[in-house]
Amino acid sequence: MTVAFFSGKARRAGVALGAVSAGLLVLSACDKPTPLATVTVGSDSVNAEATCYNDGKAIKESQIQSCLNKKAEKTITVSADDRVRFGVDPEVAENGWTLFIGGQQAEQEPYKKTYRSIPASAFLSSQTGETSNTAQISIVETSGKKLTGIWHFELKKES
Numbered sequence: 183m184t185v186a187f188f189s190g191k192a193r194r195a196g197v198a199l200g201a202v203s204a205g206l207l208v209l210s211a212c213d214k215p216t217p218l219a220t221v222t223v224g225s226d227s228v229n230a231e232a233t234c235y236n237d238g239k240a241i242k243e244s245q246i247q248s249c250l251n252k253k254a255e256k257t258i259t260v261s262a263d264d265r266v267r268f269g270v271d272p273e274v275a276e277n278g279w280t281l282f283i284g285g286q287q288a289e290q291e292p293y294k295k296t297y298r299s300i301p302a303s304a305f306l307s308s309q310t311g312e313t314s315n316t317a318q319i320s321i322v323e324t325s326g327k328k329l330t331g332i333w334h335f336e337l338k339k340e341s
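If you use the working numbering, the sequence shown corresponds to residues 183 to 341, in order.
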């Protein structure tokens with residue numbers, strides 16, 4: 183029986199090379215996470231990764247409506263006199279972002295800061311003056327006229 187002997191230096195180099203190779207293999211299998219968006223009411227906060235995101239590139243026109251119509255997975259409870267705080271990652275703010283309510287664009291110009299605060303009553307009342315118990319709010323990242331990311335949240339009126 184023959185046993186190969188390696189010096190300590192060669193053995194350490196081989197182990198290090200194997201560890202680096204394994205690490206690169208694991209990293210290549212990972213997807214880059216999407217930027218986060220956060221909604222805060224009082225001391226309660228929920229955050230989510232984008233429902234639709236194309237690594238910062240424009241979402242295909244054929245996918246936009248289905249992305250906007252997806253149901254929110256994150257819900258936060260509000261009362262009419264609460265302030266709803268929206269926060270986005272700096273890279274989202276750099277491009278600009280707008281709010282959509284129920285899949286409809288609620289503002290014309292993109293917002294370029296990472297944080298803003300809006301009264302909850304703005305989301306829980308309709309144009310006819312009726313109040314609603316829930317509202318689907320979407321944070322939509324824009325790049326020029328293109329949509330590049332969509333995050334969904336549901337505001338649920340406190341009972």
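Here a beta-carbon is modelled for each residue, glycine too, at the ideal position from N, C-alpha and C.
Endpoints, the beta strand (DSSP E) within which residue i is located
i    : result
P272 : Segment 272-277 is the alpha helix (DSSP H) holding P272; no beta strand (DSSP E) there.
I332 : 328-339
A262 : Taken as a continuous stretch (DSSP letters only), A262 belongs to no beta strand (DSSP E), as it is neither H nor E.
S320 : 316-325
E231 : 226-231
Span separating the alpha-carbon of residue i from that of residue j
i    : j    : result
N124 : T296 : There is simply no residue 124 to check, as the chain begins at 183 and stops at 341 in what is shown.
A262 : E312 : 13 Å
R265 : I258 : 12 Å
T216 : E231 : 6 Å
V162 : I300 : The chain is shown from 183 up to 341; residue 162 falls before or after that span and cannot be answered.
E276 : E289 : 17 Å
S136 : V274 : Limits of the chain in this structure are 183 at one end and 341 at the other, which puts residue 136 out of reach.
Beta-carbon gap between residue i and residue j smaller than 8 Å
i    : j    : result
H334 : T233 : yes
S325 : F282 : no
Secondary structure of residue i, DSSP reduced to three states
i    : result
I246 : helix
L207 : Any reading at L207 needs caution, since the residue's pLDDT is 46, under 50, leaving its predicted position unreliable; the model's value is listed next. Helix.
C-beta neighbour in chain C for residue i, strict 8 Å
i    : result
E231 : Within the model displayed, chain C is absent; a lone protein chain is all it includes.
Extent of the continuous alpha helix (DSSP H) to which residue i belongs
i    : result
S303 : 303-306
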